[in-house]
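Working notes, beginning with the structure itself.
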Amino acid sequence: MRLTDDERRMLDGAYGAAKARALDYVVQFGTAFGAERLVDVIFVNYPAEMSIYKGQVEDLVEYAETGAEVAVTTVTSTLACDLEQWDKLGCPRELYELQAQAVDAHKRMGLACTYTCAPQLCGFIPPKGSYIVSVESSAIIYYNSVLGARTNRGGHLTRYSAITGKYPLMGYLLDENRIGTHLVKVNLTADDLREDCDYSALGFIVGERVGSEVPVFDQLGVPTQTSLLALGATLATSGGAALFHAPPHTAEARDVDDAFKGRTPKEVIEVGRDDLRAAFERMSTIPAGGEVDFVTLGCPHYNVAQIRAVADFFRAAGARVNPGVRLWICTSRMAKRLAEFDGSLGVIEAAGGFVVADCCPVESHMRIPTCRDFGLPVPNVRAMVVDSFKQARYVRDLIGCETAVRTRDECLKAAVVGRLQRV
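Counting the sequence shown from 1 gives a position; our numbering is that position plus 3.
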């Protein structure tokens with residue numbers, strides 16, 4: 004690998020031992036994948052070490068004690084508990100106290116402690132064409148696709164890019180790997196793609212077909228920011244996609260032909276109304292009228308407008324959450340503070356719901372192995388209704404409960420009556 008003079012000085016220890024060791028890891032990583040050189044990154048989305056994974060927090064604390072500090076703006080993904088109301092949500096004290104050690108370590112390293120899966124909703128918007136490093140599948144695909152920044156799927160080595168500000172030039176940082184591979188003809192009307200969960204279903208269907216390749220959507224309708232976020236999140240969940248094009252709504256391709264750069268699509272995928280209906284049926288294992296004990300909204304994390312819409316539902320309905328149901332609205336701490344300021348938080352809490360920051364059910368004490376470790380019921384939830392195919396897939400696998408995917412308002416109606424309503 005060709006290194007610049009400054010990179011060689013860093014590797015030789017001119018900027019301290021922590022940076023030298025970190026850059027050595029980055030160089031080894033890039034060499035393994037055949038990268039010819041490193042690039043400067045302007046932003047890192049870092050995997051917040053979660054206490055539900057054995058050894059992660061201990062490793063982080065030990066690393067922070069080396070004096071390592073981040074070199075670029077670095078935000079953090081979700082934790083395993085809400086730092087301010089962990090006890091109300093059923094998190095064991097031991098798990099919370101271990102997670103709190105991670106927070107202290109993050110602060111010592113200079114990280115912005117955002118603890119959200121959607122940092123782009125908190126103002127972290129890298130420009131088109133910029134090199135970044137990101138974790139969290141829904142953030143990665145949004146940054147690549149909607150914003151046109153360039154990132155691969157980050158992992159544990161993201162730590163070392165944050166410390167050095169460097170990443171190997173490879174993968175989705177290269178033009179040739181950002182070209183479309185599959186053409187998706189969207190044979191759906193505006194009525195079919197009315198809700199974010201409809202876009203979530205579309206992403207789920209296409210992700211299963213394209214795997215980790217690059218789909219190009221033709222005639223996507225008029226998506227919103229949150230519907231594009233929902234689409235990308237499930238593309239990355241049912242498959243392994245890290246980039247899609249949907250001209251003219253995404254950043255890089257002027258039209259469908261431009262997305263393929265003269266190449267012929269490997270496959271043409273057509274998605275119609277029946278496909279969407281079948282996806283909802285397949286991911287919904289709770290029968291109509293069946294009892295529900297958990298409702299979750301916010302996968303990816305809700306923004307303040309979405310939280311306000313939940314509050315508006317309860318204002319209009321004049322109803323409360325059923326005593327047998329837990330309702331979580333998952334969001335970032337920033338959005339929660341705004342919701343508190345505008346009164347939405349108070350309305351939701353008065354109705355018996357929780358606005359949950361820093362985490363979500365699948366990244367919490369409710370995971371099957373964690374429940375077993377702490378003597379909690381397994382599964383911790385019997386039947387969960389969600390508005391996201393990503394959440395449905397994960398809670399089924401990681402919490403082990405029955406699921407149903409519905410619109411936001413249908414989820415909230417289920418929370419009020421304690422049963423899944425017919426549609």
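Glycine included, every Cβ here is placed at the ideal spot set by N, Cα and C.
Here's the rule: buried if 16 or more other CB atoms are within 10 angstroms of the residue's CB, otherwise exposed. What is Arg162? buried
Cβ shell of Ile289 (< 8 Å), same chain only, five flanking positions each side left out: Val295, Ala386, Val388, Glu405, Thr406, Ala407 and Leu423
From Val136, Gly132, Ala115 and Tyr134, residue whose alpha carbon lies closest to that of Gly126: Ala115
Same chain only: Cβ atoms within 6 Å of Arg399, ignoring 5 sequence neighbours per side: Thr406
When DSSP labels each residue in this structure, what does Gly301 get in the three-state scheme? strand
With respect to the beta strand (DSSP E) encompassing Met457, which residues constitute its N-terminal and C-terminal limits? Here the chain covers residues 4 to 426 and nothing more, so residue 457 does not appear.
Sequence-distant residues of the same chain with beta carbon closer than 7 Å to Gly242, five excluded per side: Gly210, Glu211, Val213, Gly214 and Ser215
Determine the extent of the beta strand (DSSP E) in which Met47 is found, giving its start and end residues. Sequence check: residue 47 is Val here, not Met. That run of the beta strand (DSSP E) goes Phe46 to Tyr49.
Taking 7 Å as the limit between beta carbons, can you name the residues of its chain near Val149, skipping five residues before and five after? Leu231, Thr253 and Ala254
Those residues which DSSP pairs with Ala407 across a bridge: Val388
Once you ignore the five residues that flank Ser203 on each side, which residues in its own chain have a CB closer than 8 Å to its CB? Ala233, Leu234, Ala236, Thr237, Asp390, Ser391, Phe392, Lys393 and Val408
Same chain only: Cβ atoms within 8 Å of Arg311, ignoring 5 sequence neighbours per side: Ala342, Asp345 and Ser347
Can you tell me whether Phe263 is buried or exposed? The criterion is at least 16 other CB atoms within 10 Å of its CB, across all chains shown. buried
If you count every other CB in all the chains shown that lies within 10 Å of the CB of Pro380, and 16 or more means buried, which is it? exposed
Three or more C-beta pairs below 8 Å linking the segment 178 to 187 and the segment 56 to 64: no
Residue burial classification, His109 (beta-carbon count within 10 angstroms, cutoff 16): buried
Between the alpha carbons of Ile402 and Thr373, how many angstroms are there, rounded? 10 Å
Within 10 angstroms of its Cβ, does Pro171 collect 16 or more other Cβ (buried), or is it exposed? buried
The alpha helix (DSSP H) with Leu63 in it runs from where to where? Gln59 to Ala67
Quick one: what's got a C-beta closer than 8 Å to Pro129's C-beta in the same chain, skipping five residues either side? Ile45, Phe46, Ile135, Tyr146, Leu150 and Ala152
Using 8 Å as the Cβ pair cut-off and three pairs as the minimum, do the segment 51 to 60 and the segment 322 to 336 touch? no
Where does the unbroken beta strand (DSSP E) through Pro251 begin, and where does it stop? Element bounds for Pro251: n/a, residue is neither H nor E.
Alpha carbon of Ser137 to alpha carbon of Asp199, nearest angstrom: 24 Å
Looking only at DSSP bridge pairs, what is Ile99 linked to? The displayed chain sequence assigns Tyr, not Ile, to residue 99. Paired residues: none, contrary to the question.
In angstroms with no decimal places, state the Cα-to-Cα distance between Asp27 and Leu160. 11 Å
Please work out which residues of its chain come closer than 6 Å, Cβ to Cβ, to Gly70, disregarding the five sequence neighbours upstream and downstream, and give them in chain order. Ala21
Anyone know if the C-beta pair for Cys84 and Gln102 falls short of 8 Å? yes
Buried or exposed for Asp9, please, with buried defined as at least 16 other CB atoms from any protein chain shown within 10 angstroms of its CB. exposed
Just verifying my parser: in three-state terms, what is the DSSP assignment at Asp27? helix
With 16 other Cβ atoms within 10 Å as the buried cut-off, status of Thr7: exposed
How long is the line joining the alpha carbons of Gly275 and Ala291, rounded to whole angstroms? 24 Å
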